[in-house]
Amino acid sequence: KNIVILISGRGSNMEAVVRAAEAEQWPARIAAVISNRADAKGLEFAAARGIPTAVVPNKEYPTREAFDAALQAVIDRFAPDLVVLAGFMRILTPGFVEHYSGRMLNIHPSLLPLFPGLHTHEAALAAGHAEHGATVHFVTAELDHGPMVDQVSVPVLPGDTADTLAQRLLVQEHVLYPRAIRWFIEDKLIVENGQVYGPHRP
Ligand code: GRF
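Here it is, written out as structure tokens:
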């Protein structure tokens, strides 16, 4: 199976997925890592591993539709069975989302349905919650919604800042996301009526 990973920056989740796929010898290969930004840090790691990389700079397209069409053309060159969003900071058009329906996953740093959108760590702190977390979900047209595959939670500790909380969570994201992707690759996730039936269901 072919996995295409989309990133916009650091790419630590992408790195965790690449490492897990190798270490656990998944019946899948990371066919490409694609970014909307040429300066995305993660591209260096991917290239160093011999993974094909591509950049589709969103700034060069006049509309979201034009960007998404260009992105889709590049992704589809790699015949993906699964598209993995890993810190890909673009809002996607409904047509693009529809094209990858049932085969595109995202990781969001909150316990969805709490805190969709940006600044989730700040939001969890401001709300005074004792727990924070991350969610892996199938991507649907509505931002940070879509059938949930799995979640992980971490405690919010006294003195936490958005950074300390994000760091504690990120370590867990790197376990959560590869595991969820592996389930998909192994055909262990069934989506029915907006619900995921699989090894874990939040
Ligand atoms: C992660 O916190 C992820 O949950 C969110 O964006 C961040 C990406 O980090 N979607 P990285 O690029 O994977 O290091």
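The opening position of the sequence shown corresponds to residue 2 in UniProt numbering, with each subsequent residue numbered one higher.
In this text, a Cβ means the ideal position worked out from N, Cα and C, and glycines have one as well.
Remember, predicted model here, so these are calculated numbers, not experimental data.
Sub-7 Å separation of residue i and residue j beta-carbons
| i | j | result |
| --- | --- | --- |
| residue 181 | residue 137 | yes |
| residue 117 | residue 151 | no |
| residue 135 | residue 110 | yes |
| residue 77 | residue 3 | no |
| residue 122 | residue 87 | no |
| residue 106 | residue 85 | yes |
| residue 69 | residue 89 | no |
| residue 79 | residue 5 | yes |
Straight-line Cα distance separating residue j from residue i
| i | j | result |
| --- | --- | --- |
| residue 50 | residue 18 | 13 Å |
| residue 41 | residue 8 | 7 Å |
| residue 16 | residue 112 | 22 Å |
| residue 56 | residue 44 | 9 Å |
| residue 193 | residue 185 | 14 Å |
| residue 91 | residue 155 | 26 Å |
| residue 35 | residue 14 | 14 Å |
| residue 160 | residue 101 | 41 Å |
| residue 212 | residue 179 | The displayed coordinates of the chain run from 2 to 203. Any statement about residue 212 would go beyond what the structure contains. |
| residue 157 | residue 120 | 15 Å |
| residue 147 | residue 22 | 25 Å |
| residue 95 | residue 103 | 13 Å |
| residue 93 | residue 198 | 25 Å |
| residue 126 | residue 170 | 13 Å |
Continuous alpha helix (DSSP H) stretch holding residue i: start and end
| i | result |
| --- | --- |
| residue 97 | 95 to 100 |
| residue 172 | 163 to 186 |
Residue i Cβ short of 6 Å to ligand 3 heavy atom set
| i | result |
| --- | --- |
| residue 124 | The model on display carries ligand 1 but not ligand 3. |
Residue i: first and last residue of the uninterrupted beta strand (DSSP E) it sits in
| i | result |
| --- | --- |
| residue 7 | 3 to 8 |
*In chain order, which continuous runs of the alpha helix (DSSP H) of length 4 or greater are located wholly inside the region 19 to 89?*
Every alpha helix (DSSP H) stretch that sits fully inside the region 19 to 89 and reaches 4 residues is listed by chain position as 43 to 49 and 65 to 77.
_alpha helix (DSSP H) runs contained entirely in the region 91 to 151, provided each spans 4 or more residues_ = 95 to 100 and 121 to 127
_Any contact between the region 58 to 67 and the region 21 to 32? By contact I mean 3 or more CB pairs, one from each, below 8 Å._
no
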